[in-house]
């Protein structure tokens, strides 16, 4: 994963729903778990949400500490 993608993920905000306007990295894990079972949105948002979910599962969110 390259630094530009990490920066993009760190700045990405949820565009709708209960967590509208919040950074994806600040959204509780349970929200991502729900999407993993029900299906992610189409397009870039869904792709980035899947990456964030996997990073959370793998315990790698610390990679963003210096980017926040």
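Numbering (the numbering used here), first residue to last: 8 to 75. Cβ atoms here follow ideal geometry from the backbone N, Cα and C, with glycine treated the same way.
Hey, out of 57, 70 and 73, whose CA is closest to residue 41's CA?
Here the closest residue by C-alpha is 57.
DSSP three-state call for residue 32: helix, strand or coil?
Residue 32: helix per DSSP, three-state reduction.
I'd like the span of the alpha helix (DSSP H) that includes residue 56, first residue to last.
Where residue 56 is concerned, the enclosing alpha helix (DSSP H) stretches over 50–64.
Could you check where the alpha helix (DSSP H) with residue 14 kicks off and where it finishes?
That run of the alpha helix (DSSP H) goes 10–18.
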